[in-house]
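Heads up, the thing below is written out as structure tokens.
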Amino acid sequence: MHYSPVPMHIPDGFLTIFVSVICWGITIFTLGLSISKTNKALGEKQIPLMGVMAAFIFAAQMINFPVAGGTSGHLLGGAMAAIVLGPWAGMLVMTAVIAVQALLFQDGGLVVMGANILNMGLLTSAVGYGLYRSVSGQSNNKVKLAVAGVAAWLSVMTGALITSLELWLSGISDLQVVVPAMLWVHAVIGLGEALITVSALGFIFRTRPDLLGEGSESAMGSRNWAYVGGLIALIVVLFSPFASSNPDGLERVAGDLGFLNAGQSAPYSIIPDYTLPFLGETALSTIAAGVIGVLVVGVIAILIGRGMKAKA
Amino acid sequence: MHFDAFDRYHEKESFIHHLDPRVKVVVTIVFIVSNALLPDGAWMAFAFAWLFLLLANVFSKLGLTYTTKRSLIALPFAFIAITILFSMPGEPVASFKLLMWNLTITDTGLLRFVSILIRSWLSVQLAILLVATTRFPDLIHAFEHLRVPAILTTIIAFLYRYLFVLTDEVLRLMRARESRSAASAGNRSGGGVLWRAKVAGNMAGQLFLRSYERSDRIYNAMLSRGYTGHLYTLNPHEMQSRDYFVTAFAIAVIFIVQIIGRL
Amino acid sequence: MPHSHPHTTFSIPKNNEDALCVQVRDLHFSYPDGHMALESVSLKLCDGDKVALVGPNGAGKSTLMLHLNGILGARGEVEIRGQRLTRDNLPAIRAMVGLVFQNPDDQLFSPTVFEDVAFGPLHMGLPEEDVRARVDSALEAVRMSSYKDRLSHHLSVGEKKRIAIATVLSMNPSILILDEPSAGLDPRARRTLINLLRELPITMLVSTHDMRLVQELFPRTIVMDEGRVVADGLTSEILEDEKLLTAHGLEKP
Amino acid sequence: MPHSHPHTTFSIPKNNEDALCVQVRDLHFSYPDGHMALESVSLKLCDGDKVALVGPNGAGKSTLMLHLNGILGARGEVEIRGQRLTRDNLPAIRAMVGLVFQNPDDQLFSPTVFEDVAFGPLHMGLPEEDVRARVDSALEAVRMSSYKDRLSHHLSVGEKKRIAIATVLSMNPSILILDEPSAGLDPRARRTLINLLRELPITMLVSTHDMRLVQELFPRTIVMDEGRVVADGLTSEILEDEKLLTAHGLEKP
Ligand SMILES: Nc1ncnc2c1ncn2[C@@H]1O[C@H](COP(=O)(O)OP(=O)(O)OP(=O)(O)O)[C@@H](O)[C@H]1O
Ligand SMILES: Nc1ncnc2c1ncn2[C@@H]1O[C@H](COP(=O)(O)OP(=O)(O)OP(=O)(O)O)[C@@H](O)[C@H]1O
Ligand SMILES: [Mg+2]
Ligand SMILES: [Mg+2]
């Protein structure tokens, strides 16, 4: 038995410095927040807890189950880490896991680690936790588990989508190829993720429900997280079909914004002489459509959540 | 049972092994950044970067092919970039028919694809050399010195320590499952996919609980040795003049590589 | 028992030599890291035999046991009931050879006792009523019937140990292989386990460091050290051979 | 030794009664889930005493040990060297009472042996050279000096056990408390450990299921069951009292 790499870990050399630096920026900012939040929430116990949990996620990624034809499903763990530990601690734990995978096994690069942490640690935690906590008022564990499954699946899809966007911005691959390819592959990987996450949480519900209860460490500030996670997930849901069916529009937006230039040619012209982006007609209309869609589905989700709470 | 397969450190008495870990980390990162900055088709610069790598290999006494052999790990990812062979506008180099598609490889596409592979291949090799010549705890110390937040470095130190304990546990769990994965004559064995997934999830849940409870015991062990929320460590490393010299030399070389790449 | 390597031999109890259960011939095994864990191990177990496997830490006891139901190796040197172990008959062999690991926590991965004991039969594709019947009789055999719906996580070590044995009994194995069954048990739980093992009417190979258990329960003992079988014979004779015992880090009970 | 609860009493070896080391008076403790783990436990350890703590699984041995350096409870019924355990003197008490946990993997949480053994002294705020000196002498005491730079996960169980003891010795404790030190060791490693414990010139309270260890090493034995001390006296006398032993799930060695 050996450690087997996962397709989402981007190696060094595949992203431009520009994209790497942007990702590092977002990652460092978010990790800074995580550190101050977990300091407050967990106190002196945080070190051994998060350290062992990181080792747990690492080890749990090795657990697989045979699917068919020699393939097998297994866990990535972002959603699970956030659901059992809370979003901030989940992010730190996933960061440690990704860092060790890169440092020890070269699974994922060092300079692109910021991107890998963003894709597989931060976003998966936010989406997984946010969606799961949107039903925190629920008393019915079946509903919670079902939502956890959807959350786990969407967390993987989110990571895959952002990964493909980064690759595209770096000029590694065409949008109309990389987005559908990554999303299809991860739609299947996400199913394994969802199944294992649901069953593992079910196990915890039955043996130590206190760890997942309202008073647990993981239940901190759930309301806002529900919005954040829900929003990201909705963007993914709406964006993926749009991106894969209408890549030209997106390519154009990015071209107008100057990303593509920065990505594909001279790395030293990071600040190109672009004016403030003037949105073309098609781009403008698709973005508007996207925003309206997000809002509509968001409102529906909030209403459903309210209804469930009222019942419970 | 003992599972050491995760250790990447290669015990040797060499110049590189004895360098301060900070030096190795910084040089590795600068090298990888430099690779990413090299323009497509900067063959001379790639060649010089490779020479630099060979030099590092020689001074680590691991053998010239040590990193080459292990560098294939990033190759599968190259699949993702394969479409740029055909999609970049440029002079056609070769074209062939695959199933129903007519594919044409362009010169710019080829140039870009090969450049990406080389960058990645060079970068991953120095990273491999880094962990082969630096014990992981020293690597963690290096990151502490380089001002990575202590909470992250300690989580990583714990992760490294318990990686072995927990993967051993997983290995035993999976063996136990395997040893009971039996068939009886006349029945279709194996169960459904959903059931198998559920068993895997149960194993993950089981492992979670045990890890959680273990963290409690570790916390107790830390408390009983005076832990109050602050971690103190002794600093085992001190930069020597040799370390400064090597850093300066390496960065100068990498800088020259950049200039060659832009001539 | 013919061995190509020099080792102390004793007279071996010969009960029904023909109904041979397990036959291991000249088994070699190295771990991926190059460590040679088994060197030319040969042994024979007959139906109804209860055999102890002793030796210092790292002798290769667990490694040998992992070979007997094909978790490791499976290169054809192991024969169970006349069938050579190959990739194809692995699942069938696993139904015959029940392996109980040292740590019951490894064996119990489901939330409830029932689900754990049912894993083997379910994987064998048995129909539901058969599965239930098997679980019931396995739990009956270890006298834990009332624990069916309990959460494994909350059981004591001794209880877990017995459930772990039940998870294997439910597959109706013809050979039971136990790795250090008494480790970590308090005297009471240990006593219960000894009685249980004495009662089970099944071929048994048990590795242990507990020499008193060996003396009490097993007519025959195999001593391993450094990947080799160094002695194989009547327990009473082996336990008297102080030179042999001290040479292999063992102690008289 | 005055006890408010009826239990078998034996004559206790009285070595320097005044240099009292540990005094526990009428200690009660329930876990958050309501489980009563300790009920009116009282005991006394004197300087130089080597005492065994035995009893069936769940008797409360580990719980009691966690009280002795204030990890649990700390409600003032525990007195170490005349100091009552309070929140304020906790760090001082923890430097005096060295607790070695059952599983060395829980105790050794740092990547390298050096870092682990240095953890205690560092957290006591000692200057660097003192820390290094302490680490050296602690490793010397368990005869593992050459292991300083080794990685903990590369050690065998027996080696880990000895390092775990060193992590506590480096704090120069006046009492050493060991929870099941011999569990899981093979006879050779167990023998090494016994010799080590015999040599260490320090007050010791050791919980164990290994009655032969008790007989060999400890002049005095305390028996616990269901959260109470049910006997406390000369080992030789306790081990002869078969009724007491069987009543509490123990066995004569
Ligand atoms: N996964 C592994 N990789 C490499 N070496 C291993 C592995 N598992 C065991 N070994 C080595 O193989 C040898 C035999 O190990 P094994 O576990 O079979 O011994 P054992 O007799 O069961 O010992 P114990 O009494 O401690 O259980 C030992 O030297 C051990 O270190
Ligand atoms: N964290 C906990 N929460 C609730 N109950 C606990 C906890 N830890 C232990 N107990 C219970 O308290 C009782 C005493 O446990 P303790 O671990 O002290 O026993 P012990 O004598 O050390 O047993 P062993 O010989 O198995 O180590 C047991 O019934 C146990 O189930
Ligand atoms: Mg073994
Ligand atoms: Mg205990």
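Going line by line, the protein sequences match chains A, B, C and D. Quick note: the first sequence, position 75, residue 75 per the numbering used here, numbers continuous. Just add 1000 to wherever you are in the second sequence, counting from 1, and you've got the numbering used here. Just add 2000 to wherever you are in the third sequence, counting from 1, and you've got the numbering used here. Just add 3000 to wherever you are in the fourth sequence, counting from 1, and you've got the numbering used here. Here a beta-carbon is modelled for each residue, glycine too, at the ideal position from N, C-alpha and C.
query, result
"Chain-ordered chain A contacts of residue 2332 of chain C [CB-CB under 7 Å]", "As shown, chain C starts at 2001 and ends at 2253. That puts residue 2332 of chain C outside it, with no answer to give."
"Proximal residues of chain A, C-beta to C-beta of residue 2111 of chain C below 7 Å", "203, 206, 207"
"Minimum C-alpha distance to residue 2178 of chain C - residue among C/2200, C/2246, C/2107, C/2101", "C/2101"
"Distance between beta carbons of residue 1111 of chain B and residue 1041 of chain B, contact taken as under 8 Å", "5 Å"
"8 Å CB neighbourhood of residue 50 of chain A in its chain, flanking five on each side removed", "38, 42, 85, 89, 92, 93, 96"
"Residues, ordered as in the chain, of the stretch 3192-3217 of chain D that lie near chain F by beta-carbon distance below 9 Å", "Among the chains of the structure shown, chain F does not appear; the protein chains present are A, B, C and D."
"Chain B contact for residue 2138 of chain C (CB, 9 Å cutoff)", "no"
"Contact under 9 Å by Cβ, residue 2184 of chain C with residue 3183 of chain D", "yes"
"Segment contact, 8 Å Cβ cut-off, at least three pairs: the stretch 151-163 of chain A with the stretch 112-126 of chain A", "yes"
"Members of the stretch 3050-3078 of chain D near chain C, C-beta cut-off 7 Å", "3056, 3057, 3058"
"Sequence-distant residues of the same chain with beta carbon closer than 7 Å to residue 2077 of chain C, five excluded per side", "2024, 2025, 2026, 2027"
"Close beta carbons around residue 72 of chain A, own chain, < 7 Å, minus the five adjacent residues each side", "64, 65, 66"
"CB contact check: residue 74 of chain A to chain B, cutoff 9 Å", "yes"
"Complete alpha helix (DSSP H) runs within the stretch 3045-3075 of chain D (minimum length 4 residues, chain order)", "3061-3068"
"Pair within 9 Å by beta-carbon distance, residue 99 of chain A and residue 1152 of chain B", "yes"
"Inter-residue Cα distance where the pair is residue 3136 of chain D and residue 1210 of chain B", "34 Å"
"Proximity of residue 3050 of chain D and residue 3197 of chain D at Cβ, strictly below 9 Å", "yes"
"Lining residues of ligand 6 - beta-carbon closer than 7 Å to any non-hydrogen atom, in sequence order", "Ligand 6 is not part of this structure, which contains only ligand 1, ligand 2, ligand 3 and ligand 4."
"Validate contact between the stretch 1157-1165 of chain B and the stretch 21-39 of chain A using beta carbons, cut 8 Å, 3 pairs", "no"
"Rounded separation between residue 157 of chain A and residue 235 of chain A - CA only", "11 Å"
"C-alpha gap between residue 55 of chain A and residue 1159 of chain B, whole angstroms", "5 Å"
"Residue 3183 of chain D beta carbon near ligand 1 (any heavy atom closer than 8 Å)", "no"
"Contact test: residue 3031 of chain D Cβ vs ligand 2 heavy atom, cutoff 8 Å", "yes"
"Backbone CA spacing between residue 1154 of chain B and residue 1200 of chain B [nearest angstrom]", "30 Å"
"Cβ-based burial, residue 184 of chain A [other Cβ within 10 Å; buried from 16]", "exposed"
"Under 9 Å between C-beta atoms of residue 1221 of chain B and residue 3106 of chain D", "yes"
"Rounded separation between residue 2195 of chain C and residue 1189 of chain B - CA only", "34 Å"
"Chain-ordered chain C contacts of residue 3184 of chain D [CB-CB under 8 Å]", "2183, 2184"
"Beta carbon of residue 173 of chain A nearer than 9 Å to that of residue 1080 of chain B", "yes"
"Residue environment, residue 1101 of chain B, which counts as buried when at least 16 other CB atoms sit within 10 Å", "exposed"
"Beta-carbon separation (whole angstroms), residue 57 of chain A vs residue 127 of chain A, contact threshold 8 Å", "That pair is no contact at about 16 Å."
"Inter-residue spacing [alpha-carbon to alpha-carbon] between residue 2211 of chain C and residue 3216 of chain D", "17 Å"
"Any chain C beta carbon closer than 9 Å to residue 3158 of chain D", "yes"
"Element boundaries [beta strand (DSSP E), containing residue 1102 of chain B]", "1101-1106"
"Selection from B/1077, B/1070, B/1065, B/1106 that minimises the alpha carbon distance to residue 1084 of chain B", "B/1106"
"9 Å Cβ cutoff met for residue 3221 of chain D and residue 3047 of chain D", "no"
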